[in-house]
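The structure under discussion appears below in the form of structure tokens.
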């Protein structure tokens with residue numbers, strides 16, 4: 110069948126069950142938008158390409174399915190880059206289809222020309238520059254396959270304007286999915302180590318969430334009697350209300366988790382990559398432990414830490430294979446000690462009234478992110494969306510929009526700070542336009558709180574460029590976008606936020622004035638060992 114390149118793009122997306130795309134049109138991708146208009150695919154019009162990328166991420170992170178974002182050439186691509194890099198760091202399946210100047214103008218510094226392929230090469234799993242319409246169908250299939258296989262991640266397809274208009278052949282090809290393999294002999298060694306360990310800990314990361322290995326991890330930990338600590342990206346992989354849950358580890362992790370990790374004799378790392386914010390000084394992390402690392406990619410298993418045993422495989426599949434082989438073990442002395450440590454160090458603070466366990470929580474980046482990560486009662490997978498690897502301020506609002514759109518039956522709450530919200534505040538217009546049921550809880554401390562905290566603790570209280578001298582009236586700003594809002598003059602456990610506010614239809618912003626000197630603890634000094642974390646009592 111002969112079709113234009115733009116038509117081939119749309120047909121290929123529909124064939125792969127893509128029913129929604131996010132983006133912004135421009136001169137170099139208008140042929141695609143022209144065909145998109147009557148395609149039956151829903152389009153979410155963002156107000157900035159970075160916002161568009163994070164809206165798409167919210168859809169992908171909350172569902173596990175790839176999401177698609179459109180951008181035009183030049184500034185459109187440049188604005189999108191942060192969201193693409195963020196998806197790479199956090200293993201999010203994202204397809205970015207970008208317009209480009211005509212092939213005859215490539216390399217001429219034409220209007221709105223940038224080297225999209227070169228710019229995205231290091232921040233994607235793969236980047237394509239398509240120069241023939243005949244290549245588009247196979248390219249889109251390959252892009253979706255690459256984005257979702259192995260460790261998920263973003264793929265960019267750059268399509269010059271003349272290729273969008275060029276006639277090509279659409280073959281309606283039926284494609285097969287690839288299946289990952291594993292190395293079974295390593296499992297015997299792992300099982301032997303697990304059965305003999307006296308003080309084991311599971312360290313669960315985002316790979317558990319990506320593979321949907323929630324039940325497998327729960328069954329494995331309970332049968333083997335092994336407590337579970339999580340990375341920031343691993344939140345939601347294990348219910349926080351169970352006795353075997355240790356909590357967050359790392360720079361702002363639970364004190365008991367960081368201490369117990371150093372006292373363990375076996376660390377079973379599943380779907381995590383030993384990021385520095387989690388491990389602290391990597392040479393000292395788990396120094397007394399034998400380490401088993403299960404990960405979907407070989408490149409991740411020895412990238413930072415040379416492990417004792419590395420197993421390549423999907424988390425859900427590996428746990429399913431290991432479950433019948435591991436011995437039932439109550440490990441009473443170890444688990445009794447774990448319980449005492451949790452009681453000693455980890456007082457639970459309730460930040461929200463009760464919400465359904467299926468509620469989706471998004472955060473921006475900063476102190477509020479760590480408060481939520483350490484205290485919110487996550488019980489279901491894919492309910493905690495945050496920028497973990499890149500740490501992008503401005504993530505929370507657009508991610509909440511995407512999550513709410515993709516999950517209309519779920520409650521969505523976005524925790525943000527005044528510094529973060531201001532970085533993508535234009536997406537309030539998108540939120541209002543879609544009238545999504547997103548509740549934004551804004552912690553307003555008049556500056557960049559986590560920067561100020563580090564200046565206080567590690568830079569002799571040299572507070573520079575971390576405090577605002579002019580403050581936004583967020584209640585008025587919200588009303589300007591047509592969004593309901595109210596403010597609290599102090600933090601008081603939401604006594605000012607009755608449950609009916611959260612149950613109301615449509616978007617809402619709750620702005621809470623915070624103490625500008627409030628810090629988040631524990632905190633590991635940058636570059637130090639986790640065991641040397643600062644507690645509120647010794648800061």
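In the numbering used here, the protein residues as written are 110 to 648.
Just so you know, even glycine gets a beta-carbon here, dropped at the ideal spot from N, CA and C.
- [ ] Answer with buried or exposed for residue 551, where buried requires no fewer than 16 other C-beta atoms within 10 angstroms of its C-beta.
- [x] Residue numbering aside, residue 551 sits at position 442 when the chain shown is read from its first letter. Counting Cβ neighbours within 10 Å, residue 551 comes out buried, since at least 16 surround it.
Open item on the list: Counting C-beta neighbours from all protein chains within 10 Å, is the total for residue 570 16 or more, i.e. buried, or is it exposed?
Closed with: For the purposes of this step, residue 570 is taken as residue 461 along the chain shown, with counting starting at 1. Result: exposed.
- [ ] Can you have a look at residue 339 and say buried or exposed, based on whether 16 or more other CB atoms are within 10 angstroms of its CB?
- [x] In the chain shown, the residue the question calls residue 339 occupies position 230. Counting Cβ neighbours within 10 Å, residue 339 comes out buried, since at least 16 surround it.
TODO: Mind reading off the beta-carbon distance from residue 322 to residue 428? Whole number of angstroms is fine, and I expect it under 8 Å.
DONE: The sequence position of residue 322 within the chain shown is 213, counting from 1. The sequence position of residue 428 within the chain shown is 319, counting from 1. Indeed, because the Cβ distance is near 6 Å, the residues count as touching under 8 Å.
- [ ] With DSSP collapsed to three states, give me the class of residue 625.
- [x] Within the chain shown, residue 625 is the residue found at index 516, counting from 1. Coil at residue 625, not helix or strand.
Task: residue 249 in three-state terms, based on DSSP - done: The residue you call residue 249 lines up with position 140 of the chain shown. DSSP places residue 249 in helix when its eight states are reduced to three.
TODO: Would you kindly work out how many angstroms separate the C-alpha atoms of residue 581 and residue 392, rounded to a whole number?
DONE: As a first step, residue 581 is located in the chain shown; it is residue number 472 there, counting from the start. As a first step, residue 392 is located in the chain shown; it is residue number 283 there, counting from the start. Each residue's Cα considered, the two are about 44 Å apart.
- [ ] Go ahead and label residue 363 buried or exposed: buried means 16 or more other beta carbons lie within 10 angstroms of its beta carbon, across all protein chains shown.
- [x] Here residue 363 corresponds to residue number 254 of the chain shown, with the count starting at 1. Burial call: buried.
TODO: Output the distance between the C-alpha atoms of residue 376 and residue 184, rounded to the nearest integer angstrom.
DONE: In the chain shown, residue 376 corresponds to position 267, counting from 1. In the chain shown, residue 184 corresponds to position 75, counting from 1. Taking the straight line joining both Cα atoms gives about 45 Å.
Open item on the list: For residue 309 and residue 300, which I take to be in contact (beta-carbon distance under 8 Å), what is that distance rounded to the nearest angstrom?
Closed with: Taking the first residue of the chain shown as position 1, residue 309 is located at position 200. Taking the first residue of the chain shown as position 1, residue 300 is located at position 191. Contact doesn't hold; Cβ gap of about 12 Å is too wide.
Task: Contacts around residue 147, its chain only, beta-carbon distance under 7 Å, and the 5 residues preceding and following it disregarded - done: Along the chain shown, read from residue 1 onward, the residue named residue 147 stands at position 38. Cβ within range, chain order: n/a, list empty.
Open item on the list: If I measure Cβ to Cβ from residue 385 and keep anything under 7 Å in the same chain, skipping five residues before and after, which residues do I get?
Closed with: Residue mapping note: residue 385 aligns to position 276 of the chain shown, counting from 1. Once the five neighbours on either side are set aside, the close Cβ partners of residue 385 are 391.
Task: Neighbourhood of residue 128 by C-beta distance below 7 Å, restricted to the same chain and skipping five residues each side - done: In the chain shown, the residue the question calls residue 128 occupies position 19. Closer than 7 Å at the Cβ level, and outside the excluded window around residue 128, lie 150 and 151.
TODO: Please report the residue range of the beta strand (DSSP E) in which residue 180 lies.
DONE: For this step, residue 180 is matched to residue 71 along the chain shown. That run of the beta strand (DSSP E) goes 176-180.
- [ ] Give, in chain order, every unbroken run of the beta strand (DSSP E) that is at least 3 residues long and sits entirely within the stretch 428-515.
- [x] 469-472
Task: the stretch 228-242 in contact with the stretch 154-171 per 3-pair CB rule at 8 Å - done: no
Open item on the list: Can you give me the C-alpha to C-alpha distance between residue 559 and residue 476, rounded to a whole angstrom?
Closed with: The residue given as residue 559 occupies position 450 in the chain shown. The residue given as residue 476 occupies position 367 in the chain shown. Going from the Cα of residue 559 to the Cα of residue 476 covers about 6 Å.
Open item on the list: Using the three-state DSSP reduction, which class does residue 365 fall into: helix, strand or coil?
Closed with: Indexing the chain shown from 1 puts residue 365 at position 256. It is helical.
Task: Residue range of the alpha helix (DSSP H) that includes residue 203 - done: By one-based count along the chain shown, residue 203 stands at place 94. Premise fails: residue 203 lies in the beta strand (DSSP E), 203-209, not in any alpha helix (DSSP H).
- [ ] Please determine, among 510, 480 and 444, the residue with the shortest C-alpha to C-alpha distance to residue 352.
- [x] By one-based count along the chain shown, residue 352 stands at place 243. When each option's Cα is compared against that of residue 352, the closest is 444.
Task: residue 197 Cβ short of 7 Å to the ligand MG heavy atom set - done: Only the bare structure without any ligand can be found here, which leaves the ligand MG out of the picture.
- [ ] Out of 171, 269, 173 and 177, point me to the one whose CA is closest to residue 161's CA.
- [x] Against the chain shown, residue 161 aligns to sequence position 52. Answer by Cα proximity: 177.
Open item on the list: In the DSSP output, which residue or residues are listed as bridge partners for residue 132?
Closed with: Along the chain shown, one-based indexing puts residue 132 at 23. According to DSSP, which records beta bridges pairwise, residue 132 is partnered with 154 and 179.
Task: Assigned secondary structure, residue 551 (DSSP; H/G/I helix, E/B strand, else coil) - done: Counting from one through the chain shown, the residue named residue 551 turns up at place 442. In this structure, residue 551 counts as strand in the three-state DSSP scheme.
TODO: Report, in whole angstroms, the separation of the C-beta atoms of residue 523 and residue 505, which I expect to be a contact under 8 Å.
DONE: The residue labelled residue 523 in the question sits at position 414 within the chain shown. The residue labelled residue 505 in the question sits at position 396 within the chain shown. Between residue 505 and residue 523 the Cβ distance is about 5 Å, and since that is below 8 Å, they are a contact.
Task: According to DSSP, residues forming a beta bridge with residue 404 - done: Working through the chain shown from its first residue, we reach residue 404 at position 295. Per DSSP, 421.
- [ ] Using a threshold of 8 Å, state whether the C-beta atoms of residue 682 and residue 243 are closer than that.
- [x] There is simply no residue 682 to check, as the chain begins at 110 and stops at 648 in what is shown.
Open item on the list: Just to confirm, is the Cβ distance from residue 262 to residue 175 under 8 Å?
Closed with: In the chain shown, the residue the question calls residue 262 occupies position 153. In the chain shown, the residue the question calls residue 175 occupies position 66. Going by C-beta atoms, residue 262 is not nearer than 8 Å to residue 175.
Open item on the list: Taking only three categories from DSSP, how would you classify residue 356?
Closed with: As a position in the chain shown, residue 356 is number 247, starting the count at 1. Strand, per DSSP.
Open item on the list: In whole angstroms, give me the CA-to-CA distance for residue 122 and residue 249.
Closed with: As a working mapping, residue 122 is identified with position 13 in the chain shown. As a working mapping, residue 249 is identified with position 140 in the chain shown. Between residue 122 and residue 249, the C-alpha separation is close to 7 Å.
- [ ] Return helix, strand or coil for residue 574, following the three-state DSSP convention.
- [x] Taking the first residue of the chain shown as position 1, residue 574 is located at position 465. Coil at residue 574, not helix or strand.
TODO: Quick one: measure Cβ to Cβ for residue 159 and residue 191, integer angstroms, because I've assumed they're closer than 8 Å.
DONE: Reading the chain shown from its first residue, position 50 is the one you call residue 159. Reading the chain shown from its first residue, position 82 is the one you call residue 191. Going by Cβ atoms, the distance from residue 159 to residue 191 rounds to 5 Å, so yes, they are a contact pair.
TODO: Since I believe residue 346 is in contact with residue 358 (beta carbons under 8 Å), could you give me their beta-carbon distance rounded to a whole number of angstroms?
DONE: Taking the first residue of the chain shown as 1, we reach residue 358 at position 249. Taking the first residue of the chain shown as 1, we reach residue 346 at position 237. Going by Cβ atoms, the distance from residue 358 to residue 346 rounds to 13 Å, so no, they are not a contact pair.
Task: Beta-carbon proximity list for residue 330, same chain, < 8 Å, skipping 5 on both sides - done: As a first step, residue 330 is located in the chain shown; it is residue number 221 there, counting from the start. Closer than 8 Å at Cβ, skipping near neighbours: 311, 336, 337, 347 and 353.
- [ ] Assuming residue 520 and residue 468 form a contact by the criterion Cβ under 8 Å, report the distance between their Cβ atoms to the nearest whole angstrom.
- [x] Here residue 520 refers to the residue found at position 411 when the chain shown is read from its first residue. Here residue 468 refers to the residue found at position 359 when the chain shown is read from its first residue. Right, their Cβ atoms sit about 4 Å apart.
Task: Own chain, CB closer than 6 Å to residue 195, minus 5 neighbours either side, in chain order - done: For the purposes of this step, residue 195 is taken as residue 86 along the chain shown, with counting starting at 1. If we look at residue 195 and ignore the five residues flanking it on each side, its Cβ neighbours are 496, 499 and 501.
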